[in-house]
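S.K.: Take a look at the following structure, please.
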Amino acid sequence: MDTFKQLLKPILVERIVESPAHVKVGQFLKATVEEYGFSTEWDIFTDKTPMGPKVFRNLIATYDPLIPRRLVLACHYDSKIIPGKRFIAATDSAVPCAMLLDLARTLGPLLHQRTNNHITLQLIFLDGEEAFVDWSPTDSIYGARHLADLWTKKWYPSTDGSSFDLSKEIDRIDVFMLLDLLGTRNPRITSTYGHGTTELFQELPKIENISMAPGQG
Numbered sequence: 001m002d003t004f005k006q007l008l009k010p011i012l013v014e015r016i017v018e019s020p021a022h023v024k025v026g027q028f029l030k031a032t033v034e035e036y037g038f039s040t041e042w043d044i045f046t047d048k049t050p051m052g053p054k055v056f057r058n059l060i061a062t063y064d065p066l067i068p069r070r071l072v073l074a075c076h077y078d079s080k081i082i083p084g085k086r087f088i089a090a091t092d093s094a095v096p097c098a099m100l101l102d103l104a105r106t107l108g109p110l111l112h113q114r115t116n117n118h119i120t121l122q123l124i125f126l127d128g129e130e131a132f133v134d135w136s137p138t139d140s141i142y143g144a145r146h147l148a149d150l151w152t153k154k155w156y157p158s159t160d161g162s163s164f165d166l167s168k169e170i171d172r173i174d175v176f177m178l179l180d181l182l183g184t185r186n187p188r189i190t191s192t193y194g195h196g197t198t199e200l201f202q203e204l205p206k207i208e209n210i211s212m213a214p215g216q217g
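Going by my numbering, the first residue of the sequence shown is number 1, and it counts up by one from there.
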């Protein structure tokens, strides 16, 4: 827990898009995941907002980026503007950011030892999730919309040694899990029916029980 708090502390600041603190948090996230063995890249772009053009910075961290398929864990690292208030946004989403960093720390050595070389872990720290004025299709999730559009258009060449195929970058994702609004005491997390996630959701308590077993901590 002490390590987790150390990872969380630098993120517990206002993270308004383009602010010095926001940029500093992004740099901290990048340096930390690189320390744990992940390769990183920025998806930097400018988009129109109700407050004028803004520069957004998605951070993508991949353990062994040459591996063709991905298990993606994602969160956003910007914080909402609340006029007249200093909004730290601990659960939305400083804590999820720290959770991903802690996962990178604990899973990095295990990923190095894995025997399945067809799938790897990718962590995405999305920017511009919050609306600048009012939530709408055009004033929200700037980073997620941009990255999805980029990866839908980007081709990825793949080969198994005997054949060669072209697929879209977004199709490399086997599972995408978004961590958001986490950090309160005793949260109740339920499955989202109708999105094909029931079987995956049922695996989570199994994984939790295994990780809490004696000798696994």
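The C-beta atom is built at its ideal place from N, Cα and C for all residues, glycine as well.
Values in this document were obtained by computation on a predicted structure and should not be read as measured data.
Should residue 149 go down as buried or exposed, given a rule of 16 or more other Cβ atoms within 10 Å for buried?
M.R.: Walking along the sequence shown from the start, residue 149 turns up at place 149. By the 10 Å Cβ count, residue 149 comes out exposed.
S.K.: Taking only the alpha-carbon atoms, compute the straight-line gap between residue 133 and residue 83 and give it to the nearest angstrom.
M.R.: As a working mapping, residue 133 is identified with position 133 in the sequence shown. As a working mapping, residue 83 is identified with position 83 in the sequence shown. In a straight line, the C-alpha of residue 133 is about 10 Å away from that of residue 83.
S.K.: Go ahead and pull the three-state DSSP assignment for residue 167.
M.R.: Taking the first residue of the sequence shown as position 1, residue 167 is located at position 167. Residue 167: strand per DSSP, three-state reduction.
S.K.: Is residue 85 helix, strand or coil by DSSP?
M.R.: The sequence position of residue 85 within the sequence shown is 85, counting from 1. Reduced to three states, the DSSP call for residue 85 is coil.
S.K.: Over the uninterrupted alpha helix (DSSP H) stretch that includes residue 209, give me the two end residues.
M.R.: On the sequence shown, residue 209 is found 209 positions in, with the first residue counted as 1. Segment 198 to 212, the alpha helix (DSSP H) holding residue 209.
S.K.: Since residue 70 is in the beta strand (DSSP E), which residue starts that stretch and which ends it?
M.R.: Reading the sequence shown from its first residue, position 70 is the one you call residue 70. First-last of the beta strand (DSSP E) with residue 70: 69 to 76.
S.K.: Compare the Cα-Cα distances from residue 30 to each of 17, 11 and 47 and report the closest residue.
M.R.: On the sequence shown, residue 30 is found 30 positions in, with the first residue counted as 1. Answer by Cα proximity: 11.
S.K.: Please give me, in chain order, every unbroken run of the beta strand (DSSP E) with length at least 3 that falls completely inside the segment 112 to 137.
M.R.: Runs of the beta strand (DSSP E) inside the segment 112 to 137: 119 to 126.
S.K.: Measuring only between beta-carbons, confirm whether residue 168 sits less than 8 Å from chain B.
M.R.: This model lacks chain B altogether; it includes just one protein chain.
S.K.: Return the residue from the list 110, 184, 124 and 70 that minimises the CA-CA distance to residue 101.
M.R.: Position 101 of the sequence shown holds residue 101. Comparing Cα-Cα distances from residue 101 to each of 110, 184, 124 and 70, the minimum goes to 124.
S.K.: For residue 39 and residue 74, I'd like the C-alpha separation in whole angstroms.
M.R.: The residue given as residue 39 occupies position 39 in the sequence shown. The residue given as residue 74 occupies position 74 in the sequence shown. Each residue's Cα considered, the two are about 16 Å apart.
S.K.: If you draw a straight line from the C-alpha of residue 42 to the C-alpha of residue 99, how long is it?
M.R.: Within the sequence shown, the letter at position 42 stands for residue 42. Within the sequence shown, the letter at position 99 stands for residue 99. Rounded to the nearest angstrom, the two C-alpha atoms are 20 Å apart.
S.K.: Do residue 170 and residue 197 count as a contact pair if the criterion is CB distance below 8 Å?
M.R.: In the sequence shown, the residue the question calls residue 197 occupies position 197. In the sequence shown, the residue the question calls residue 170 occupies position 170. Not a contact, by the Cβ cut-off of 8 Å.
S.K.: Let me know the secondary structure DSSP gives residue 30 once reduced to three states.
M.R.: Taking the sequence shown and counting its residues from 1, the one referred to as residue 30 is at position 30. Of the three classes helix, strand and coil, the one that applies to residue 30 here is helix, per DSSP.
S.K.: First and last residue of the alpha helix (DSSP H) that includes residue 3?
M.R.: As a working note, residue 3 is residue 3 in the sequence shown. Counting along the chain, the alpha helix (DSSP H) containing residue 3 begins and ends at 2 to 8.
S.K.: Find the nearest neighbour of residue 3 within the set 17, 48 and 105, judged by alpha-carbon distance.
M.R.: Position 3 of the sequence shown, counted from the first residue, corresponds to residue 3. Looking at the Cα atoms, 105 is the closest of the given residues.
S.K.: Whose CA, out of 155, 46 and 9, lies closest to the CA of residue 143?
M.R.: Along the sequence shown, one-based indexing puts residue 143 at 143. For the residues 155, 46 and 9, the minimum Cα distance to residue 143 belongs to 46.
S.K.: Can you find the residues in the same chain that come closer than 6 Å, C-beta to C-beta, to residue 51, ignoring five residues on each side of it along the sequence?
M.R.: Position 51 of the sequence shown holds residue 51. Excluding residues within five positions, the ones whose Cβ falls inside 6 Å are 132.
S.K.: Where do the ends of the beta strand (DSSP E) carrying residue 150 lie?
M.R.: If you number the sequence shown from 1, residue 150 lands on position 150. Here residue 150 belongs to no beta strand (DSSP E); instead the alpha helix (DSSP H) covers 142 to 153.
S.K.: Taking the C-alpha atoms as reference points, what is the distance between residue 188 and residue 32?
M.R.: Position 188 of the sequence shown, counted from the start, is the residue given in the question as residue 188. Position 32 of the sequence shown, counted from the start, is the residue given in the question as residue 32. Their backbone Cα atoms lie some 29 Å apart in a straight line.
S.K.: When DSSP builds the beta bridges, which residues end up paired with residue 176?
M.R.: Sequence index remark: in the sequence shown, residue 176 carries index 176 (1-based). Partner(s): 72.
S.K.: Please classify residue 77 as buried or exposed, where buried requires at least 16 other C-beta atoms within 10 Å of its C-beta.
M.R.: Stepping through the sequence shown from its first residue, residue 77 is reached at position 77. Counting Cβ neighbours within 10 Å, residue 77 comes out buried, since at least 16 surround it.
S.K.: With DSSP run on the structure shown, which of helix, strand or coil describes residue 157?
M.R.: Residue mapping note: residue 157 aligns to position 157 of the sequence shown, counting from 1. Reduced to three states, the DSSP call for residue 157 is strand.
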